[in-house]
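Counting in our numbering, the final residue of the sequence shown is number 135, and the numbers go up one at a time with none missing.
Glycine included, each C-beta is placed from N, C-alpha and C at the ideal position.
Since we're looking at a predicted model, the values are computed, not measured.
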Amino acid sequence: MNKNDTWVQTQVLTAIDANKDDAYGQSIALTENFLVIGAPHSDSPHTNSGAVYVHKQKDNQWQFHSKLTADDGAEGDLFGISVAIDGNSLLIGADLHDETAENAGAVYA
């Protein structure tokens with residue numbers, strides 16, 4: 027937070043279910059009300075299938091809202107390697123998704 031032209035740390039966010047090597051924070055996206063954080067090496071439900079955590083702004087604090095995983099997530103997909111948010115639209119990259127071809131990638135909307 028910026029107070030009197032000085033940045034002041036107000037919070038440290040971590041995954042509610044953090045595990046070793048999840049890479050929580052590798053990607054982030056922000057709107058006025060939502061903060062989206064990627065953890066592409068999360069092992070939920072498969073090794074390195076990836077996850078995304080959504081936080082909502084309340085009383086000047088980011089509060090955990092939800093955890094997202096790919097419905098078709100598979101080992102090594104890296105869901106959450108990239109994230110983008112605009113209004114009510116959230117895009118999540120999984121650059122090693124294999125559905126159309128090995129490691130061809132996918133974007134979830």
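Query, Result
"Taking the alpha carbon of Ser-92 as the reference point, which residue from Ser-70, Val-78, Asp-69, Ser-53 has its own alpha carbon closest?", "Val-78"
"Less than 8 Å between the CB atoms is what I'm expecting for Gly-64 and Gln-52, so what's the real figure, rounded?", "6 Å"
"Starting from the Cα of His-81, find the closest Cα among Leu-116, His-72, Lys-29, Tyr-134 and give me that residue.", "Leu-116"
"Let's see if you can read the secondary structure: which residues bound the beta strand (DSSP E) around Gln-87?", "87-94"
"Tell me whether Ser-53 sits in a helix, a strand or coil according to DSSP, three-state version.", "strand"
"Excluding five sequence neighbours on each side, which residues of the same chain lie with their C-beta closer than 8 Å to the C-beta of Leu-56?", "Val-62, Ile-111"
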